[in-house]
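S.K.: First, the structure itself, so that you have it in front of you.
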Amino acid sequence: MKKIVILKYSAIGDVLRTTAILPGLKNEFPGSEIYWITEAKSRPVLENNHFIKKVYLESELTEHFKKDRFDLIINLDEDYDACQLASELKGKILGYYLENGKIVCSQGAKYWMSMSLLGADNRDELKKANKETYQKIMYDIIELPYDSDFSSRLFLTAKEKEFGSSFAKKHKIDFHKDYVVGINSGAGKRWPLKKLEIKKIVLMINKLIDCGLKVILLGGEEEVERNQKILSLCSSKLVDAGLDNSIREFASIINICDSIVTADTLAMHISISLGKHTLVFFGPTPWHEIEFYGKGEAVFSNLDCLCCMKKIICEKKPNCMELINEDLIIEKILQHKQISKERVIIDG
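Everything in the sequence shown is counted per this note's numbering, starting at 77 for the first residue and increasing by one.
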C-alpha cells in the first residue's frame, strides 16, 4: 500500500483548491493512504474529505510518523518550516524542500516557483503571462497527467447540510420555486483592490430581487461596516447571512445557492468546490489560474493592465473594478436560471 503525505498550509482557499490533486493521486495509486499536514485555520476545508486518511497539524505529528517512510512526500508550500519538515521526512519529495538550508524545488515545481515570491524579479510579468490553471500546475508538480474531471471538493456532513436547510427555512427560501443567488461582498483586508464598489453591489442586488430572485448577502468578520451599508441601501427582501459563521457554516449557506457572485476569495474556492455556478469578477489577480470545471466563469474589464498584482493602491481612473459591468453579471445569472429551468423540465 502506497503511503503519501501532502504538506499545504495556506492560504485557506489555496488549500481547498489543492484538493484537486487527491482524485488524481487515488486514480494513480489505488488503495493508497493519503495524509495531509496543514495549519489550524486551513483544517476545516479538509474535514470530512474521504480521500484523506488523516489531517494533521505540524504540532500533532508523532515521532513514529516522522520516522515512517513515505512513497511520496508532496510539499506545495514554499514556507520555510514546511520545506524543513518535508526534508526531514523519509521518501521521494515532489515540490519544495531544503538543500543546504536553502529552499529549492523538484523539476516539476520550477515553473510555479518562478512566479512566486522566491522567483525571478519579473515574476509578476510571468504570472500575468501564464495561461495555465493552478490545478494543472499542481499536477505538473506531482508529475501526473491533469484531467479537469479531477476537481477540488469540499464535502459537507449531513449535519452541515441540515444547517443550510434550516437557514433556508428560516428565511422562507423554497428550493422548489426559488432561484437563490449568494453575493459575497468583500475580499478581505489583504487585497482591498479586489472588491467591487458598494454602489455596484447594491445595484446588482436590487435588480436581481426585482427579477424575482432570492438574494443572500455573504461576508466575513472583516465586512461588518461594508455589509451594514449594503443592507441599508438594499431592498428589505435581501437575506443577511450574518458575519459570524464558521467556515463550514459559511459553506453550508453557499451550498443552498444556485449561483454565487464573488471576488477572487475563499468564497470563490468554496463555491467552485461545491460545484456551484460561480461568477467571479477579476481585476488585479489572474483569472487564468482559476479552474471553473465548466460551472462558472470570470468577469473582467478590458484594461490591458489587468493582473497587475497590486493590493492597495491603483492610480488608474477608472480602474479595473470600477469598469466591471454588473448588468453583464445579472445577464449571466438569468441565463443560468433559464438553462437550469429547462434542464429540470427535460429531466423531469
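Heads up, the beta-carbon is just placed ideally off N, CA and C, and yes, glycines get one too.
1. Give the list of continuous beta strand (DSSP E) stretches no shorter than 3 residues that lie fully inside the region 85–149.
2. When we look at the beta-carbon of L193 and count the other beta-carbons within 10 Å, is it buried (16 or more) or exposed?
3. What do you reckon, are the CB atoms on V91 and I149 nearer than 8 Å?
4. Just checking, does the region 359–366 make contact with the region 276–291 on the three C-beta pairs under 8 Å criterion?
5. Are G262 and E298 close, meaning C-beta to C-beta below 8 Å?
6. Residues bridged to K166 by DSSP?
7. Tell me which same chain residues have a C-beta within less than 7 Å of the C-beta of A185, skipping the five on either side of it?
8. Let me make sure I understand the geometry here. Which of W267, V337, L350, K290 has the alpha-carbon closest to that of M385?
9. Within its chain, find whatever has a CB closer than 6 Å to the CB of A244; leave out the 5 residues flanking it on each side and keep chain order.
10. Check whether the region 384–401 touches the region 306–322, counting contact only when three or more Cβ pairs, one atom from each stretch, lie closer than 8 Å.
11. Please confirm whether N124 and R229 have their CB atoms less than 8 Å apart.
12. Alpha helix (DSSP H) containing N282: first to last residue?
13. Checking the sheet assignment: what are the DSSP bridge partners for A244?
14. Cα separation between I401 and K275?
15. Quick one: using the 10 Å Cβ neighbour count with 16 as the cut-off for buried, is Q211 buried or exposed?
16. Skipping 5 residues on each side, what residues in its chain have a beta carbon closer than 7 Å to that of N303?
17. Following the continuous alpha helix (DSSP H) through N303, name the residue where it begins and the one where it ends.
18. Which term fits F226, buried or exposed, when burial requires 16 or more other beta carbons within 10 angstroms of its beta carbon?
19. Going by DSSP, what residue range makes up the beta strand (DSSP E) through E325?
20. Which value, in whole angstroms, describes the spacing of the CA atoms of G424 and K413?
21. Would M77 and S108 be called neighbours here (beta carbons separated by less than 8 Å)?
22. Do A317 and L272 come within 8 Å of each other at the CB atom, strictly closer than that value?
23. Count the other CB atoms within 10 Å of the CB of I421; is the residue buried (16 or more) or exposed (fewer)?
24. Is F357 helix, strand or coil by DSSP?
25. From K143 to L165, what distance separates their C-alpha atoms?
26. When you compare the CB positions of I366 and I346, do they come within less than 8 Å of one another, or not?
27. Can you name the residues that DSSP bridges to K79?
28. For S347, which three-state DSSP category applies?
29. According to DSSP, is I422 helix, strand or coil?
M.R.: For this structure:
1. 109–114, 130–133
2. Here residue 193 is taken as the residue at index 117 of the sequence shown, counted from 1. With fewer than 16 other Cβ atoms within 10 Å, it is exposed.
3. Position 15 of the sequence shown holds residue 91. Position 73 of the sequence shown holds residue 149. The answer is no: Cβ separation not under 8 Å.
4. no
5. Stepping through the sequence shown from its first residue, residue 262 is reached at position 186. Stepping through the sequence shown from its first residue, residue 298 is reached at position 222. Contact flag set, yes.
6. Working through the sequence shown from its first residue, we reach residue 166 at position 90. Within the DSSP bridge table, the entry for K166 names R145 as partners.
7. Numbered from 1 along the sequence shown, position 109 holds the residue referred to as residue 185. These residues qualify, in order along the chain: G171, Y172, I217.
8. Taking the sequence shown and counting its residues from 1, one reaches residue 385 at position 309. The candidate whose alpha carbon is nearest that of M385 is W267.
9. Position 168 of the sequence shown, counted from the first residue, corresponds to residue 244. Excluding residues within five positions, the ones whose Cβ falls inside 6 Å are I332.
10. no
11. Here residue 124 refers to the residue found at position 48 of the sequence shown. Here residue 229 refers to the residue found at position 153 of the sequence shown. Contact flag unset, no.
12. Locating residue 282 in the sequence shown gives position 206, counting from the first residue. Looking at the DSSP string, the run of the alpha helix (DSSP H) that includes N282 is 274–286.
13. Here residue 244 is taken as the residue at index 168 of the sequence shown, counted from 1. Bridge partners of A244: none, in fact.
14. For the purposes of this step, residue 401 is taken as residue 325 along the sequence shown, with counting starting at 1. For the purposes of this step, residue 275 is taken as residue 199 along the sequence shown, with counting starting at 1. Ile is not the amino acid found at residue 401; the sequence shown has Asn there. Their Cα atoms are separated by approximately 12 Å.
15. The residue labelled residue 211 in the question sits at position 135 within the sequence shown. With 16 or more other Cβ atoms within 10 Å, it is buried.
16. Mapped onto the sequence shown, residue 303 falls at position 227. If we look at N303 and ignore the five residues flanking it on each side, its Cβ neighbours are S261, L293, G295, L319.
17. Looking up residue 303 in the sequence shown gives position 227. Segment 300–309, the alpha helix (DSSP H) holding N303.
18. Taking the sequence shown and counting its residues from 1, one reaches residue 226 at position 150. Under a 10 Å Cβ-count criterion, F226 is classified as buried, with 16 or more other Cβ atoms of the shown protein chains found around its own Cβ.
19. Locating residue 325 in the sequence shown gives position 249, where the first residue counts as 1. E325 -> not in any beta strand (DSSP E); alpha helix (DSSP H) instead, spanning 323–330.
20. Within the sequence shown, the letter at position 348 stands for residue 424. Within the sequence shown, the letter at position 337 stands for residue 413. Only weak support is given to the placement of G424: the predicted model assigns it a pLDDT of 40, under 50, and the question is left unresolved by the model.
21. As a working mapping, residue 77 is identified with position 1 in the sequence shown. As a working mapping, residue 108 is identified with position 32 in the sequence shown. Contact flag set, yes.
22. Counting from 1 along the sequence shown, the entry for residue 272 is found at position 196. Counting from 1 along the sequence shown, the entry for residue 317 is found at position 241. Cβ atoms of L272 and A317: not closer than 8 Å.
23. As a first step, residue 421 is located in the sequence shown; it is residue number 345 there, counting from the start. Residue placement at I421 cannot be trusted, given a pLDDT of 48 that sits under 50; what the coordinates show is reported in the next sentence. Classified as exposed, I421 has fewer than 16 neighbouring CB atoms from the shown chains inside 10 Å of its CB.
24. Taking the first residue of the sequence shown as 1, we reach residue 357 at position 281. Residue state, collapsed to three classes: strand.
25. Looking up residue 143 in the sequence shown gives position 67. Looking up residue 165 in the sequence shown gives position 89. One alpha carbon belongs to K143, the other to L165, and they sit about 7 Å apart.
26. The residue you call residue 366 lines up with position 290 of the sequence shown. The residue you call residue 346 lines up with position 270 of the sequence shown. In this structure, the beta-carbon distance from I366 to I346 does not fall below 8 Å.
27. Stepping through the sequence shown from its first residue, residue 79 is reached at position 3. The partner list for K79 (beta bridge, DSSP) reads E109.
28. Residue 347 sits at position 271 when you count from the first residue of the sequence shown. Of the three classes helix, strand and coil, the one that applies to S347 here is helix, per DSSP.
29. As a working mapping, residue 422 is identified with position 346 in the sequence shown. At I422 the pLDDT is 48, less than 50, meaning the model places this residue with poor confidence; the figure from the coordinates comes in the next sentence. I422: helix per DSSP, three-state reduction.
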